[in-house]
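Below is one structure, written out as C-alpha coordinates, with a few remarks after it.
Numbering (my numbering), first residue to last: 408 to 639.
Structure, rendered in C-alpha coordinates:
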(Lines of atoms letter the chains of each structure in order from A and count residues from 1; the text may use other names and numbers.)
(Lines give C-alpha, C1' and ligand atoms only; values in the text may rest on other atoms or scores of the structure.)
Protein backbone atom coordinates (compact mmCIF):
# COMPACT_ATOMS: atom_id res chain seq x y z
CA UNK A 1 0.00 0.00 0.00
CA UNK A 2 1.35 3.41 -0.95
CA UNK A 3 2.12 5.66 1.99
CA UNK A 4 1.02 9.27 1.62
CA UNK A 5 2.95 11.82 3.56
CA UNK A 6 3.83 15.49 3.64
CA UNK A 7 7.24 16.97 4.26
CA UNK A 8 7.61 19.77 6.82
CA UNK A 9 10.16 22.55 6.71
CA UNK A 10 12.05 23.18 9.93
CA UNK A 11 14.93 25.43 8.90
CA UNK A 12 15.11 28.99 10.12
CA UNK A 13 13.70 31.75 7.91
CA UNK A 14 14.74 35.35 8.49
CA UNK A 15 11.92 37.89 8.69
CA UNK A 16 12.51 41.58 8.15
CA UNK A 17 9.63 42.69 10.31
CA UNK A 18 6.64 41.55 12.36
CA UNK A 19 7.53 37.89 12.72
CA UNK A 20 4.79 37.36 15.31
CA UNK A 21 1.87 38.10 13.00
CA UNK A 22 -0.33 35.04 12.44
CA UNK A 23 -2.89 34.70 9.67
CA UNK A 24 -5.53 31.95 9.72
CA UNK A 25 -3.70 30.35 12.65
CA UNK A 26 -0.44 29.97 10.73
CA UNK A 27 2.56 31.97 11.86
CA UNK A 28 6.17 31.98 10.77
CA UNK A 29 7.33 29.62 13.49
CA UNK A 30 4.86 26.86 12.62
CA UNK A 31 5.11 27.10 8.83
CA UNK A 32 8.66 28.28 8.19
CA UNK A 33 7.36 31.22 6.15
CA UNK A 34 6.43 34.79 7.05
CA UNK A 35 2.98 36.16 6.22
CA UNK A 36 4.19 37.95 3.08
CA UNK A 37 5.41 34.67 1.53
CA UNK A 38 1.92 34.12 0.11
CA UNK A 39 1.08 30.61 -1.08
CA UNK A 40 4.42 29.30 0.18
CA UNK A 41 2.75 29.09 3.61
CA UNK A 42 0.48 26.40 2.15
CA UNK A 43 3.27 24.34 0.59
CA UNK A 44 2.27 21.18 2.50
CA UNK A 45 -1.49 21.82 2.57
CA UNK A 46 -2.84 20.73 -0.80
CA UNK A 47 -6.44 21.49 0.12
CA UNK A 48 -5.70 25.05 1.24
CA UNK A 49 -3.50 25.63 -1.80
CA UNK A 50 -6.35 24.53 -4.05
CA UNK A 51 -8.64 26.92 -2.20
CA UNK A 52 -6.19 29.78 -2.72
CA UNK A 53 -6.05 29.04 -6.46
CA UNK A 54 -9.83 28.86 -6.83
CA UNK A 55 -10.40 32.00 -4.76
CA UNK A 56 -7.70 33.84 -6.70
CA UNK A 57 -9.34 32.86 -9.98
CA UNK A 58 -12.61 34.28 -8.69
CA UNK A 59 -10.94 37.54 -7.72
CA UNK A 60 -9.33 37.89 -11.15
CA UNK A 61 -12.62 37.36 -12.95
CA UNK A 62 -14.40 39.76 -10.61
CA UNK A 63 -11.79 42.48 -10.90
CA UNK A 64 -11.08 42.21 -14.60
CA UNK A 65 -14.65 41.65 -15.75
CA UNK A 66 -15.80 45.16 -16.56
CA UNK A 67 -18.79 43.55 -18.26
CA UNK A 68 -20.05 42.63 -14.81
CA UNK A 69 -21.11 46.23 -14.30
CA UNK A 70 -23.30 45.95 -17.38
CA UNK A 71 -24.79 42.64 -16.25
CA UNK A 72 -25.51 43.90 -12.74
CA UNK A 73 -27.20 47.01 -14.12
CA UNK A 74 -29.52 44.86 -16.24
CA UNK A 75 -29.99 41.98 -13.80
CA UNK A 76 -33.58 41.05 -12.92
CA UNK A 77 -33.70 39.03 -9.65
CA UNK A 78 -37.08 37.51 -10.48
CA UNK A 79 -35.77 35.77 -13.61
CA UNK A 80 -33.21 32.93 -13.83
CA UNK A 81 -29.75 33.93 -14.97
CA UNK A 82 -29.84 31.65 -18.01
CA UNK A 83 -32.93 33.46 -19.33
CA UNK A 84 -31.19 36.84 -19.12
CA UNK A 85 -28.20 35.90 -21.25
CA UNK A 86 -25.75 36.51 -18.41
CA UNK A 87 -22.23 35.21 -18.95
CA UNK A 88 -20.02 36.43 -16.13
CA UNK A 89 -22.26 36.49 -13.05
CA UNK A 90 -22.99 32.72 -13.00
CA UNK A 91 -19.27 31.94 -13.23
CA UNK A 92 -18.47 34.39 -10.47
CA UNK A 93 -20.95 32.65 -8.20
CA UNK A 94 -19.44 29.23 -8.98
CA UNK A 95 -15.84 30.31 -8.40
CA UNK A 96 -16.75 32.31 -5.32
CA UNK A 97 -18.54 29.44 -3.56
CA UNK A 98 -15.81 26.99 -4.56
CA UNK A 99 -13.07 29.26 -3.25
CA UNK A 100 -14.86 29.83 0.07
CA UNK A 101 -15.40 26.10 0.55
CA UNK A 102 -11.83 25.00 -0.18
CA UNK A 103 -10.24 27.91 1.71
CA UNK A 104 -12.38 27.78 4.87
CA UNK A 105 -14.39 24.54 5.06
CA UNK A 106 -12.63 21.95 2.92
CA UNK A 107 -9.93 19.52 4.09
CA UNK A 108 -6.40 20.87 4.43
CA UNK A 109 -4.87 17.90 2.61
CA UNK A 110 -6.42 15.94 -0.26
CA UNK A 111 -4.10 12.96 -0.60
CA UNK A 112 -6.40 10.70 1.41
CA UNK A 113 -9.82 11.59 -0.04
CA UNK A 114 -8.99 12.94 -3.53
CA UNK A 115 -5.57 11.61 -4.63
CA UNK A 116 -5.83 13.33 -8.02
CA UNK A 117 -5.62 16.76 -6.35
CA UNK A 118 -3.08 15.68 -3.74
CA UNK A 119 0.64 15.86 -4.21
CA UNK A 120 4.02 15.19 -2.63
CA UNK A 121 6.70 17.66 -3.63
CA UNK A 122 9.33 14.93 -3.98
CA UNK A 123 7.17 13.08 -6.55
CA UNK A 124 8.62 14.44 -9.80
CA UNK A 125 5.98 12.68 -11.90
CA UNK A 126 3.18 14.43 -10.04
CA UNK A 127 4.92 17.80 -10.38
CA UNK A 128 5.24 17.25 -14.13
CA UNK A 129 1.56 16.28 -14.30
CA UNK A 130 0.54 19.48 -12.52
CA UNK A 131 2.67 21.52 -14.92
CA UNK A 132 1.15 19.71 -17.89
CA UNK A 133 -2.42 20.36 -16.71
CA UNK A 134 -1.68 24.08 -16.39
CA UNK A 135 -0.20 24.20 -19.90
CA UNK A 136 -3.10 22.24 -21.40
CA UNK A 137 -5.76 24.51 -19.90
CA UNK A 138 -3.92 27.69 -20.89
CA UNK A 139 -3.44 26.39 -24.44
CA UNK A 140 -7.10 25.37 -24.62
CA UNK A 141 -8.15 28.86 -23.56
CA UNK A 142 -5.98 30.43 -26.27
CA UNK A 143 -7.39 28.16 -28.98
CA UNK A 144 -10.99 28.69 -27.81
CA UNK A 145 -10.58 32.40 -28.54
CA UNK A 146 -9.18 31.52 -31.98
CA UNK A 147 -12.10 29.19 -32.77
CA UNK A 148 -14.61 31.78 -31.56
CA UNK A 149 -13.06 34.49 -33.72
CA UNK A 150 -12.69 32.36 -36.85
CA UNK A 151 -15.61 29.90 -36.81
CA UNK A 152 -18.20 30.71 -34.13
CA UNK A 153 -19.59 34.18 -34.68
CA UNK A 154 -16.43 36.28 -34.54
CA UNK A 155 -15.29 38.84 -31.98
CA UNK A 156 -16.08 42.48 -31.35
CA UNK A 157 -13.94 44.98 -33.26
CA UNK A 158 -14.06 48.49 -31.84
CA UNK A 159 -12.60 49.90 -35.08
CA UNK A 160 -15.14 48.32 -37.42
CA UNK A 161 -17.15 50.74 -39.61
CA UNK A 162 -20.18 52.23 -37.93
CA UNK A 163 -18.68 52.58 -34.47
CA UNK A 164 -17.75 48.95 -33.86
CA UNK A 165 -19.20 45.58 -34.76
CA UNK A 166 -18.77 41.83 -34.34
CA UNK A 167 -16.90 40.26 -37.24
CA UNK A 168 -15.21 36.99 -38.11
CA UNK A 169 -11.45 36.96 -38.51
CA UNK A 170 -10.69 35.46 -41.92
CA UNK A 171 -7.06 36.45 -42.46
CA UNK A 172 -5.00 35.52 -39.41
CA UNK A 173 -1.56 37.02 -38.95
CA UNK A 174 0.76 34.06 -38.50
CA UNK A 175 4.01 35.66 -39.60
CA UNK A 176 6.52 35.33 -36.74
CA UNK A 177 8.21 38.57 -37.77
CA UNK A 178 4.95 40.44 -37.18
CA UNK A 179 3.86 38.63 -34.03
CA UNK A 180 7.18 38.70 -32.21
CA UNK A 181 7.98 42.25 -33.31
CA UNK A 182 5.50 43.39 -30.68
CA UNK A 183 7.95 42.22 -28.03
CA UNK A 184 10.50 44.68 -29.36
CA UNK A 185 8.28 47.74 -29.08
CA UNK A 186 9.42 50.35 -26.62
CA UNK A 187 7.28 50.52 -23.46
CA UNK A 188 8.39 54.13 -22.93
CA UNK A 189 6.83 55.86 -25.92
CA UNK A 190 7.51 55.98 -29.63
CA UNK A 191 5.37 53.37 -31.34
CA UNK A 192 3.49 52.63 -28.14
CA UNK A 193 3.84 50.14 -25.32
CA UNK A 194 4.45 46.42 -25.31
CA UNK A 195 0.78 45.39 -25.40
CA UNK A 196 -0.30 47.76 -28.18
CA UNK A 197 -1.64 45.78 -31.16
CA UNK A 198 -2.50 47.04 -34.64
CA UNK A 199 -5.58 44.92 -35.38
CA UNK A 200 -7.60 41.85 -34.40
CA UNK A 201 -5.86 39.72 -37.02
CA UNK A 202 -2.62 40.15 -35.07
CA UNK A 203 -4.34 39.39 -31.75
CA UNK A 204 -5.95 36.17 -32.94
CA UNK A 205 -2.80 35.12 -34.80
CA UNK A 206 -0.82 35.74 -31.64
CA UNK A 207 -3.14 33.40 -29.75
CA UNK A 208 -2.44 30.70 -32.35
CA UNK A 209 1.26 31.07 -31.58
CA UNK A 210 0.56 31.17 -27.84
CA UNK A 211 -1.61 28.05 -27.86
CA UNK A 212 0.87 26.17 -30.03
CA UNK A 213 3.74 27.12 -27.73
CA UNK A 214 1.84 26.00 -24.64
CA UNK A 215 1.04 22.62 -26.16
CA UNK A 216 4.66 22.27 -27.29
CA UNK A 217 5.81 22.91 -23.71
CA UNK A 218 3.24 20.35 -22.53
CA UNK A 219 4.66 17.79 -24.96
CA UNK A 220 8.15 18.48 -23.62
CA UNK A 221 6.92 18.14 -20.03
CA UNK A 222 5.23 14.81 -20.85
CA UNK A 223 8.37 13.62 -22.65
CA UNK A 224 10.46 14.62 -19.65
CA UNK A 225 8.13 12.69 -17.34
CA UNK A 226 8.32 9.62 -19.59
CA UNK A 227 12.11 9.74 -19.71
CA UNK A 228 12.31 10.20 -15.94
CA UNK A 229 10.02 7.22 -15.36
CA UNK A 230 12.09 5.14 -17.75
CA UNK A 231 15.36 6.01 -16.03
CA UNK A 232 14.09 5.47 -12.47
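Cβ atoms here follow ideal geometry from the backbone N, Cα and C, with glycine treated the same way.
- Secondary structure at residue 563: strand, using DSSP grouped into helix, strand and coil.
- Note that the C-beta distance between residue 525 and residue 461 is not below 8 Å.
- With 16 or more other Cβ atoms from the protein chains shown falling within 10 Å of its own Cβ, residue 618 counts as buried.
- The straight-line gap separating the alpha-carbon atoms of residue 479 and residue 502 is approximately 17 Å.
- In the DSSP assignment, the residues bridged to residue 572 are 564.
- Counting every other CB atom within 10 Å of its CB across the protein chains shown gives residue 451 a total of 16 or more, marking it as buried.
- The C-alpha of residue 610 is placed about 13 Å away from the C-alpha of residue 554.
- Beyond the five residues adjoining it in sequence on each side, residue 545 comes within less than 6 Å, by CB distance, of 621 in the same chain, given in chain order.
- Counting other Cβ atoms within 10 Å of its Cβ, residue 612 reaches 16 or more and is therefore classed as buried.
- Taking all protein chains in view, the Cβ of residue 540 is surrounded by fewer than 16 other Cβ atoms within 10 Å, so the residue is classified as exposed.
- CA-CA distance, residue 475 to residue 497, rounds to 10 Å.
- A direct Cα-Cα distance of roughly 6 Å separates residue 608 from residue 578.
- Residue 576 sits close to residue 557, with the two beta carbons spaced by under 8 Å.
- Excluding residues up to 5 positions away in sequence, 506, 509, 510 and 513 lie with their Cβ nearer than 7 Å to the Cβ of residue 458 in the same chain.
- At a Cβ-Cβ threshold of 8 Å, residue 616 and residue 543 do not count as neighbours.
- Assigned with DSSP and collapsed to three states, residue 626 falls in helix.
- Between the alpha carbons of residue 454 and residue 531 lies a gap of roughly 19 Å.
- Residue 541: member of the alpha helix (DSSP H) spanning 531-557, first to last residue.
- DSSP places residue 463 within a helical segment (H, G or I) once states are collapsed to three.
- Annotation for residue 520: no alpha helix (DSSP H) segment contains it, and DSSP assigns it neither H nor E.
- For the pair residue 580 and residue 571, the Cα-to-Cα distance works out to about 21 Å.
- DSSP, reduced to helix, strand and coil, places residue 616 within a helical segment of the structure shown.
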